[in-house]
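Asker:
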Amino acid sequence: MRPGAGLFGLLLLLVSAASPAADENLLRIGNGQEPETLDPHRGEGVSTANILRDLYEGLTAVAPDGRVVPGAAVAWEITGDGLEYRFELRPGARWSNGDPLTAADFVAGLRRSVDPATGSSFAGMLAPIAGAEAVTAGRLPPSALAVAALAPDRLRIRLVRPTPHFLGLLSHSTTFPIHRPSLQRWGRGFARPGRLVSNGAYRLDDWIVQSRVRLVRNPHYWNDRATRITRVDYLATEDLDSELKRYRADELDVSFQVPLVQVPRLRQTHAAELRVAPYLGVYYYGFNLTQPPFKDQPGLRRALALVIDRELIAGKLMHGLAQPAWGWVPPGTAGWPAERPAWTRVDAARRLEEARRLYAAAGYDAAHPLEVEIRYNTHEDHRRIAVLVAAMWKQALGVRTRLVNEEGKVYLNNRRLRRVTQVFRASWIGDYDDPSSFTDILRSNHGQNDTGWNQPRYDALLDAAAAARDAQQRQALLQQAEALILEEWPVIPIYWYTSKHLVKPRVQGWQDNLLDYHYSKDLWLSGR
């Protein structure tokens, strides 16, 4: 007990500790798995990205309704050929320690992202910038990236080809600026409490591993006067059942997701708080194509894909909170057609017959069944889907499947190294509203291509699409690329996402959008 607190003071402390909602200006957000880092150029997961968008601000940002809007840049100009962008930073913009935010900080951040030494898995996203691909391949130094500070408040970026989605891309963390003195002093250890200097509406106050990341309002942010929430707690919540209990106990204002088995009941008890909306994301199973049994076996991969009943998973298991994924790029993505591919129009009996033929051609039968592992990160819904998929493979083909559950960081590391994985659960959430946000991650050299798929025809189609000046030609080439995915099956798309949150009535300003971006600075809290 603190000196002088007395009995009454002790009671107040106990009441405060038992009532996490006592602070009316604290927003408490369930945030899935523990963030792997708060380094904007090395972060990967959705949970990490949620925090980074509060800590940092790119040249552009995303409005509550999903529109691309000015961020740290107040204005920009684009040349007629679409190859040069010039940005003007906001007057008086500062870092969270009060240092001026300059164009050179953005140059340093972009160069750091493409530098192979950084190890950014999103470096390939910056391929439209001249010099980026040569830098990420190690053929040129980071200084060769075509970004330049024309003045302290003016930045120029040159592209190798017109990129319609480029402004949207600049809201992603891989393009965020870096506070150069902090990086120079701390190296990779800069992204910790007491060290991290950011330029967004919030700054890092505390980080208790496997518990919470606490952010506090940044008084040096250019629009701090419009920020209404003083503190934000991002709470690690891998167990969705536990998260729901915390939400019901008024320990959370926003949930990361909702347990699928609870959806029917929640539709009755929390209908006004349950927010379900279209979301640019695909849930899939990836194959490790660098080792047997799936290396050089597209027929076997196709057989496994054909016998998965996506409608059962999306409709029954997901309680209608997902769409069966008949392709790779989600419907609703800018300009993408909604038509189903030809293989889905074949009736189930014929698909089963074809799957059994391919399975036998790959050398498997009842006497010598395929034995395989499905690896997934800790999550009850991932386990339930894996159990159901394993049952489908067993019933249709006789496959023997072992389920392997791993903690998030271990699972991601094993996926990346490809030493022990055979089939792994994965998902991809679009970083911007364009088909290339999905097609690009299966490039042979992309940092998120954990399958090891190396298909020169696929890479050539993406290169041609990137160079296309005509929008229809570009889309046709991307559709051919998706068709090649569904011919070779390096991945099995299972369902397309919807965002699924519980949001307390006191949280104001929340708007559903395709990217499921919700900046804390755009929200406010009403009275209880």
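Residues in the sequence shown are numbered from -10 upward in steps of one, following the working numbering.
We put the CB at the ideal spot given by N, CA and C, even for glycine.
May I ask you to report which of helix, strand or coil DSSP gives W315?
Answerer: W315 falls in the coil class under three-state DSSP.
Asker: Report the partner residues of F427 according to the DSSP bridge assignment.
Answerer: Paired residue(s): none; F427 is not in a bridge.
Asker: In terms of residues, what are the limits of the beta strand (DSSP E) holding D222?
Answerer: Note, D222: beta strand (DSSP E), 220 to 224.
Asker: Using alpha carbons as the reference points, say which of T279, Q461, G288, T367 lies closest to L475.
Answerer: It is G288 whose Cα lies nearest to the Cα of L475.
Asker: Does the distance from the C-beta atom of P53 to that of G387 stay below 8 Å?
Answerer: Going by C-beta atoms, P53 is not nearer than 8 Å to G387.
Asker: Could you work out which residue in T164, D28, H168 is closest to R177 when comparing CA atoms only?
Answerer: If we check each option's Cα against that of R177, D28 comes out closest.
Asker: Within the segment 445 to 485, note down every full alpha helix (DSSP H) run reaching 4 residues or more, in order along the chain.
Answerer: Taking only runs of at least 4 residues, the alpha helix (DSSP H) segments lying wholly in the segment 445 to 485 are 445 to 456, 460 to 477.
Asker: Whose C-beta lies closer than 7 Å to the C-beta of S426 among residues of the same chain, with five residues either side of it excluded?
Answerer: Closer than 7 Å at Cβ, skipping near neighbours: G419, D420.
Asker: Considering just the uninterrupted stretch of the alpha helix (DSSP H) at A38, what are its terminal residues?
Answerer: From DSSP, the alpha helix (DSSP H) with A38 extends over 35 to 44.
Asker: Leaving out five residues on either side along the sequence, give the residues of the same chain with a beta carbon under 8 Å from the beta carbon of L341.
Answerer: Within the same chain, L341 has close Cβ partners L295, V296, A385.
Asker: Going by C-alpha distance, which of W317, N207, A61 is nearest N143?
Answerer: According to the sequence displayed, residue 143 carries Arg and not Asn. Selected option, being the one with the closest Cα: A61.
Asker: On the three-pair Cβ rule with 8 Å, is the segment 432 to 448 touching the segment 471 to 487?
Answerer: Segments in contact, yes.
Asker: How close, in whole Å, do the beta carbons of L78 and A92 come, if the pair is a contact with beta carbons under 8 Å?
Answerer: Yes, L78 and A92 are in contact; Cβ-Cβ is about 6 Å, under 8 Å.
Asker: Could you check what DSSP says for Y268 in three-state terms: helix, strand or coil?
Answerer: Residue state, collapsed to three classes: strand.
Asker: The ligand NAP and Q312: does any heavy atom of the ligand fall closer than 7 Å to the residue's C-beta?
Answerer: Ligands are entirely absent from the displayed structure, and the ligand NAP is therefore not among its contents.
Asker: Quick one: what does DSSP say S488 is sitting in, helix, strand or coil?
Answerer: Three-state result, S488: strand.
Asker: With a CB to CB cut of under 6 Å and the five nearest residues on each side skipped, what residues in its chain are close to S8?
Answerer: Unreliable positioning characterises S8 in this predicted model, as indicated by a pLDDT of 40, which lies under 50. The coordinate reading is nonetheless provided below. Hits under 6 Å: none found.
Asker: Counting pairs of beta carbons, one from the segment 178 to 194 and one from the segment 44 to 53, are three or more of them closer than 8 Å?
Answerer: With a cut-off of 8 Å, the segment 44 to 53 and the segment 178 to 194 count as touching, because enough Cβ pairs lie within range.
Asker: Would L115 and H259 be called neighbours here (beta carbons separated by less than 8 Å)?
Answerer: Taking 8 Å as the Cβ cut-off, L115 and H259 do not qualify as a contacting pair.
Asker: Among G71, R372, A133, V149, which residue has its Cα nearest to the Cα of A453?
Answerer: It is V149 whose Cα lies nearest to the Cα of A453.
Asker: Tell me where the alpha helix (DSSP H) around I526 begins and ends.
Answerer: In the structure displayed, the chain extends from -10 to 517; residue 526 sits before or after that span and is not available.
Asker: Near V235, what residues of its chain come up, given a Cβ to Cβ distance below 8 Å and the 5 sequence neighbours on each side ignored?
Answerer: It is Arg, not Val, that sits at residue 235 in the sequence shown. Excluding sequence neighbours, R235 sits near G19, L224, T226, L241.
Asker: Note the first and the last residue of the continuous alpha helix (DSSP H) segment covering L289.
Answerer: Where L289 is concerned, the enclosing alpha helix (DSSP H) stretches over 287 to 295.
Asker: State the Cα-Cα distance for the pair A449 and S110, rounded to the nearest angstrom.
Answerer: A449 and S110: Cα-Cα distance of roughly 21 Å.
Asker: Would N434 be called buried (16 or more neighbouring beta carbons within 10 Å of its own) or exposed?
Answerer: That one is exposed.
Asker: So the candidates are R407, L512, L347, A337; which of them puts its Cα closest to the Cα of E362?
Answerer: Considering only alpha carbons, the answer is R407.
Asker: If I follow the unbroken beta strand (DSSP E) through N502, where does it start and stop?
Answerer: Segment: none, N502 is in no beta strand (DSSP E) and carries neither H nor E.
Asker: Expressed to the nearest angstrom, what Euclidean distance is found between the alpha-carbon atoms of N394 and S231?
Answerer: Near 18 Å, if we compare the C-alpha coordinates of S231 and N394.
Asker: Put I167 into one of helix, strand or coil per three-state DSSP.
Answerer: In this structure, I167 counts as coil in the three-state DSSP scheme.
Asker: On the criterion of 16 or more Cβ atoms from any shown chain inside 10 Å, does D354 qualify as buried, or is it exposed?
Answerer: Exposed, because fewer than 16 other Cβ atoms sit within 10 Å of the Cβ of D354.
Asker: According to DSSP, what are the bridge partners of N366?
Answerer: According to DSSP, which records beta bridges pairwise, N366 is partnered with E395.
Asker: Return the CA-CA distance between L129 and Q500, expressed in angstroms with no decimal places.
Answerer: If you take the alpha carbons of L129 and Q500, they lie about 43 Å apart.
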